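For the sequence shown, the working numbering assigns the number 1 to the initial residue and increments by one for each residue that follows.
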Amino acid sequence: MLTFPNAKINLGLNITEKRPDGYHNLETIFYPVLIEDALEINILNEGNGKFRLHQAGLEIEGEAESNLVVKAYKLLDDRFNLPPVEIHLFKHIPSGAGLGGGSADAAFMLKLLNNKFELGLPDDTLEEYAAKLGADCAFFIRNRPTYAEGIGNIFSPLPLSLKGYQIWLVKPDIFVSTRDAFAKIKPHHPEMSLKEIARLPVEEWNGRMVNDFEESVFPQFPAIGEIKKEMYRQGAVYASMSGSGSSVYGLFKEDAVLPEVDFGEKVFVYKSQFTDI
Ligand SMILES: C[C@@](CO)(OP(=O)(O)O)[C@H](O)COP(=O)(O)OP(=O)(O)OC[C@H]1O[C@@H](n2ccc(N)nc2=O)[C@H](O)[C@@H]1O
Ligand SMILES: Nc1ncnc2c1ncn2[C@@H]1O[C@H](COP(=O)(O)OP(=O)(O)O)[C@@H](O)[C@H]1O
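Take a look at the structure:
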């Protein structure tokens, strides 16, 4: 059985409070983007292990045991004693990018196991399992435009569509640690709530919709801030870093012609029209 975990971008991200448990309360909008990994599971017949992970495409640091697809399998295996599985993961979504690729893989693994082994888990339950694997992981269960608060795990669906716009997304060869990015932030409440800003036309987002991580990440990695400036020079209606970085996206009118720009070596670039979700 095969599935295609997709990335997300953050439309705005306000970090409002530091919590006693060390995590931060925030508000953000998660929006799905069709940059995709490929994830396949089959029943594993040989050997006596419970899983075997084969990886291709972009490299992921760490042992198989720390891969989020394996953690997702173990989570459901502990509860349902699943058959052994052979896992194939083709990585296309860059990591350390603010695109939630690892979280997407984990959430799609839960959905895949639920279907393959007919566990009958409803989305609410899958979201509960996903939340144990990462703060933004549960978003990928329903995978639709979502307003998120709490630590990024309390959701309400949002009637928002970017159909009629193009996205140009650039991920430089810079890895930003989410944990470090949080550590440099001074939490504060925004003047205008993100939910209110999202109701405005995209043309009015610039200057209002803010990603608080930019303030701490751009001074440390000026090259990321330069990409955002370039997006606006090229006519973006709105541009922002996604999540804790390092990817930056620009939203452009449907008929805008996006040029080839040299953003440096080992840069990941994605250009696409938004379609209906
Ligand atoms: C902040 C966001 C916005 O989309 O960043 P990106 O990962 O997308 O860049 C996400 O919610 C991140 O979600 P996720 O990447 O799953 O975070 P986790 O693995 O749970 O947490 C990584 C680390 O970030 C910090 N952390 C995370 C979430 C949060 N609300 N407060 C925090 O302080 C903690 O130090 C934690 O150890
Ligand atoms: N399947 C996976 N895909 C990507 N990263 C993974 C995966 N499993 C574990 N990780 C780890 O999760 C971390 C964050 O990855 P990811 O969620 O893709 O980025 P981001 O938090 O920037 O959106 C990486 O440091 C990586 O080592």
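We treat Cβ as the ideally placed atom computed from N, Cα and C, and that holds for glycine.
Given the structure is predicted, the values throughout are model-derived calculations rather than measurements.
Residues sharing a beta bridge with residue i, DSSP
i, result
"F30", "N10 and T146"
"W168", "G250 and K271"
"H88", "E40 and H54"
"S103", "According to DSSP, which records beta bridges pairwise, S103 is partnered with nothing at all."
"F117", "None; F117 has no bridge partner."
"T3", "L39"
"M241", "V248"
"S156", "Y147"
"N45", "Its beta-bridge partners do not exist; DSSP assigns none."
"K18", "H24"
"N211", "L13"
Short Cβ contact (8 Å threshold) for residue i with residue j
i, j, result
"I174", "S272", "no"
"Y147", "S161", "no"
"L113", "L82", "yes"
"A239", "M231", "yes"
"P145", "Y31", "yes"
"N6", "A131", "no"
"L126", "Y249", "no"
"I167", "L251", "yes"
"G12", "L194", "yes"
"K228", "M241", "yes"
"Y129", "K253", "no"
"L68", "L2", "no"
"E313", "V237", "Outside the shown range of the chain (1 to 277) lies residue 313, about which nothing can therefore be said."
"D276", "K163", "yes"
"I35", "Y270", "yes"
"Q220", "L258", "no"
8 Å contact criterion, which residue i and residue j should meet: CB distance rounded
i, j, result
"L89", "D21", "That pair is no contact at about 31 Å."
"L158", "A198", "6 Å"
"M192", "R208", "6 Å"
"D123", "I151", "Their Cβ separation, rounded to whole angstroms, is 20 Å, which puts D123 and I151 out of contact at 8 Å."
Q.
Contact between the region 40 to 58 and the region 205 to 219 is defined here as three or more beta-carbon pairs at a separation below 8 Å; is this criterion met?
A. Touching, no, given that fewer than three Cβ pairs across the two stretches are closer than 8 Å.
Q. So does the region 231 to 249 actually touch the region 88 to 99, counting three or more Cβ pairs closer than 8 Å?
A. Touching, per the Cβ criterion.
Q) Counting Cβ pairs, one atom from each stretch, are 3 or more of them under 8 Å apart for the region 186 to 198 and the region 17 to 35? A) Output reads yes: the region 17 to 35 touches the region 186 to 198.
Q. Below 8 Å, can you find three or more Cβ-Cβ pairs linking the region 50 to 69 to the region 21 to 31?
A. The region 50 to 69 vs the region 21 to 31: no contact.
Q: Answer yes if the region 109 to 122 comes into contact with the region 257 to 268, meaning at least three C-beta pairs across the two stretches below 8 Å, and no otherwise.
A: Cβ pair count under 8 Å is below three, so no.
Q. Are at least three pairs of beta-carbons, each pair with one atom in the region 131 to 142 and one in the region 64 to 76, less than 8 Å apart?
A. Yes, since at least three Cβ pairs between the region 131 to 142 and the region 64 to 76 fall closer than 8 Å, the two stretches touch.
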